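Heads up, the sequence shown is in the numbering used here, so the first residue is 4 and it goes up one at a time.
The beta-carbon is built from N, C-alpha and C at its ideal position, and this holds for glycine as well.
Computed from a predicted structure; not experimentally measured.
The structure appears below as structure tokens.
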Amino acid sequence: MAKKVKKPISKPKRKGSSKSKKSNNFITRLIVIIFVLILAFFLIFSVFRPIRQAQKVEKPASQIVEKQDKSDVNPIGKPKTEEKTAAQVKKEEKAEKKAAETKAVEQSIKGTWQSTTGGAFLTMDGKEYRLDFMGVDSDLPIIGTYSVDGDLITFINKKDPCKNVKGLYEVKFNKNEIRFKCKSDDCTKRRATLPTEWEWLDTEE
């Protein structure tokens, strides 16, 4: 009889080994891809971050320059001057005209004047005035100060009569004569004497 040959016993194939290898390879690739993506993200972030910071720093500076350009209308080095209105110019011109008139009146009334109606002399030296009366029975002189504002003169007596009483007069010139027009004066003696024509008396002769 012939002997039966024993067939080699083949080991049973493990199910799922190939599948596990494939899954392991997939997981490995996935991990590598994720790692590469993360690395690329960090590289991109590190490059763009300083650029964004530089842009943030430069933006306020440009805004400041724009604000300065808008506010600085006048050229550099030239001070800003306020434009005067027509009313202000007119007011200044009026004040200058009045100051010139005041100076002219102050200079013109200096000296000694004699009343054309007779009986009194008026002396003005720039600050003080004196009214002297003629005659044996004449009254005491009136002494005081005066101030000029344009063509108006304010008289104030130092002593009686009418001590410290103000009198306001308008002065008018006519060649070598002046005339006082009373505006307001509570001093009876002064009000009765000043409103007349006064002729300039040349005391140097």
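Query raised in the report: Taking Cβ positions, are Glu-99 and Gly-129 nearer each other than 9 Å?
Result: no
Query raised in the report: Going by DSSP, which residues form a beta bridge with Cys-185?
Result: Tyr-172
Query - For Glu-173 and Asp-154, believed in contact at Cβ under 8 Å, the rounded distance - result: Correct: roughly 6 Å between the Cβ atoms.
Query raised in the report: So what does DSSP say about Thr-115, is it helix, strand or coil?
Result: DSSP places Thr-115 in strand when its eight states are reduced to three.
Query - Residues near Thr-185 by beta carbon distance below 6 Å, same chain, minus five either side - result: Sequence inspection shows Cys at residue 185; the Thr mentioned does not correspond to that position. Here the set comprises Tyr-172, Arg-194, Pro-198.
Query raised in the report: Leaving out the 5 sequence neighbours to the left and right, which residues in its chain are closer than 6 Å to Arg-133 when beta-carbon positions are compared?
Result: Thr-126, Pro-144, Ile-146
Query raised in the report: Taking Asp-119 as the reference, which of Ile-181, Lys-192, Ile-156 has the closest Cα?
Result: According to the sequence shown, residue 119 is Thr rather than Asp. Comparing Cα positions, the closest option is Ile-181.
**Report entry** Gly-170 versus Asp-163 - alpha carbon distance
**Finding:** Here the alpha carbons of Asp-163 and Gly-170 stand approximately 14 Å from one another.
Requested in this report: Between the Cα of Glu-131 and those of Lys-106, Lys-161, Lys-25, Ala-103, spot the shortest distance and give me the residue it belongs to.
Outcome: Lys-161
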